[in-house]
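Residue numbers (the working numbering), protein chains in the order written: chain G, 438 to 547; chain U, 14 to 126.
Glycine residues also receive a C-beta, built at the ideal position from the N, C-alpha and C atoms.
Since we're looking at a predicted model, the values are computed, not measured.
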Amino acid sequence: LAKTTQPISMDSYEGQEVNITCSHNNIATNDYITWYQQFPSQGPRFIIQGYKTKVTNEVASLFIPADRKSSTLSLPRVSLSDTAVYYCLVGDWNTDKLIFGTGTRLQVFP
Amino acid sequence: KAGVTQTPRYLIKTRGQQVTLSCSPISGHRSVSWYQQTPGQGLQFLFEYFSETQRNKGNFPGRFSGRQFSNSRSEMNVSTLELGDSALYLCASSLNNRANEQFFGPGTRLTVL
Chain G
438 LAKTTQPISM DSYEGQEVNI TCSHNNIATN DYITWYQQFP SQGPRFIIQG
488 YKTKVTNEVA SLFIPADRKS STLSLPRVSL SDTAVYYCLV GDWNTDKLIF
538 GTGTRLQVFP
Chain U
14 KAGVTQTPRY LIKTRGQQVT LSCSPISGHR SVSWYQQTPG QGLQFLFEYF
64 SETQRNKGNF PGRFSGRQFS NSRSEMNVST LELGDSALYL CASSLNNRAN
114 EQFFGPGTRL TVL
């Protein structure tokens, strides 16, 4: 199982771009990379998923280098409501368990 | 479309008792996964059900069990409760498997006294 490593916490200010990097050195060929966001007392919410290169949706971008040993979640122009814990997950599309790491606690200040 | 619902939202039990938690997935979703979240251990995968069959299982003792019904609704059961079982239990559903986008419910907060 690929293990992920993320910074425990990050601080930012409103309007800034935030990049959260996740290391997954043992990622396997069939593994996808998925990011979730969790607010206190709520279940995690899917943000974005990718396999390689770059993926962009309406809320975030995901950058994955060619070796896929890391990935970076990019949140453009964060607001106070983006204060949450962000989890990076790596898992096989068909058979593996999705393992949540410790997550990164992002605090956005006004 | 209605989201994932979990009942009850809060539960208080004493050591040695058993508990059953319920999860109703999003309509049309066939995969249901259960997670335990504690401050010390974070989010840990318990098991996944698909078409009434357990497809994957995490590293939890046999006291933790589950099942899925033909309408995809799922229940998890914890027997002989221990203090360390106090946690937020989250259910997530997805269309076919967990690699799809998972939709989480609000969770059941279990407190074991």
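Contact check, residue i vs residue j under 8 Å by CB: the rounded distance?
| i | j | result |
| --- | --- | --- |
| Q50 (chain U) | F483 (chain G) | Incorrect: roughly 16 Å between the Cβ atoms, too far for contact. |
| A465 (chain G) | D504 (chain G) | So it is not a contact: roughly 13 Å between Cβ atoms. |
| T509 (chain G) | T458 (chain G) | 5 Å |
| R43 (chain U) | N90 (chain U) | Wrong, their Cβ atoms sit about 21 Å apart, outside the cutoff. |
Taking its Cβ as the centre, do 16 or more other Cβ atoms sit within 10 Å of residue i, making it buried, or is it exposed?
| i | result |
| --- | --- |
| E454 (chain G) | exposed |
| G97 (chain U) | exposed |
| T121 (chain U) | buried |
| G480 (chain G) | buried |
| Y524 (chain G) | buried |
| S518 (chain G) | exposed |
| Y450 (chain G) | exposed |
| G487 (chain G) | buried |
I need the straight-line Cα distance from residue i to residue j, nearest angstrom please.
| i | j | result |
| --- | --- | --- |
| A100 (chain U) | Q57 (chain U) | 11 Å |
| I63 (chain U) | S83 (chain U) | Reading off the sequence shown, one finds Phe at residue 63 (chain U), where the question assumed Ile. Going from the Cα of F63 (chain U) to the Cα of S83 (chain U) covers about 10 Å. |
| S107 (chain U) | V492 (chain G) | 21 Å |
| K489 (chain G) | P513 (chain G) | 20 Å |
| T20 (chain U) | F73 (chain U) | 22 Å |
| A497 (chain G) | T27 (chain U) | 43 Å |
| Y522 (chain G) | I536 (chain G) | Sequence inspection shows Val at residue 522 (chain G); the Tyr mentioned does not correspond to that position. So the alpha carbons of these two residues sit roughly 15 Å apart. |
| S446 (chain G) | Q474 (chain G) | 14 Å |
| Q81 (chain U) | P52 (chain U) | 28 Å |
| T33 (chain U) | S87 (chain U) | 10 Å |
| Q69 (chain U) | P547 (chain G) | It should be pointed out that residue 69 (chain U) corresponds to Asn in this sequence rather than to Gln. Near 43 Å, if we compare the C-alpha coordinates of P547 (chain G) and N69 (chain U). |
| E65 (chain U) | D448 (chain G) | 44 Å |
| S516 (chain G) | L543 (chain G) | 11 Å |
Given that residue i touches chain U, what residues does it touch there, using C-beta distances under 8 Å?
| i | result |
| --- | --- |
| T539 (chain G) | G55 |
| F483 (chain G) | E114, Q115 and F116 |
Ordered along the chain, which non-local residues of its own chain (more than five positions away) have a Cβ less than 8 Å from that of residue i?
| i | result |
| --- | --- |
| S92 (chain U) | Q31, R76 and S78 |
| G29 (chain U) | T93 and L94 |
| I39 (chain U) | K14, A15, G16, V17, S106 and F116 |
| G71 (chain U) | Q57, F58, L59 and F60 |
So residue i contacts chain G; which residues on that side make the cut at Cβ distance below 8 Å?
| i | result |
| --- | --- |
| G118 (chain U) | G480 |
| L103 (chain U) | G480 and P481 |
In its own chain, which residues sit with a C-beta less than 7 Å from the C-beta of residue i, not counting the 5 before and 5 after it?
| i | result |
| --- | --- |
| V527 (chain G) | A439, T441, H461, I464, D468 and I470 |
| T18 (chain U) | S37 and G118 |
So which residues of chain G does residue i contact, with C-beta pairs closer than 7 Å?
| i | result |
| --- | --- |
| Q49 (chain U) | Simply none; closest approach about 10 Å. |
Ordered along the chain, which non-local residues of its own chain (more than five positions away) have a Cβ less than 6 Å from that of residue i?
| i | result |
| --- | --- |
| P444 (chain G) | T541 |
| Y23 (chain U) | R122 |
| T124 (chain U) | I25 and S99 |
| K506 (chain G) | N462 |
| F500 (chain G) | K491 and T509 |
| Q67 (chain U) | F60 |
Can you list the residues of chain U that residue i reaches, using a CB-CB cut of under 9 Å?
| i | result |
| --- | --- |
| Q453 (chain G) | Near Q453 (chain G) there are no residues of chain U at all, since even the closest Cβ is about 27 Å away, more than 9 Å. |
| Q474 (chain G) | The contacting residues do not exist; Q474 (chain G) stays about 11 Å from chain U at best. |
Could you tell me which chain U residues have their CB closer than 7 Å to the CB of residue i, listed as they occur along the chain?
| i | result |
| --- | --- |
| Q443 (chain G) | In chain order: nothing, as chain U lies at least about 11 Å away. |
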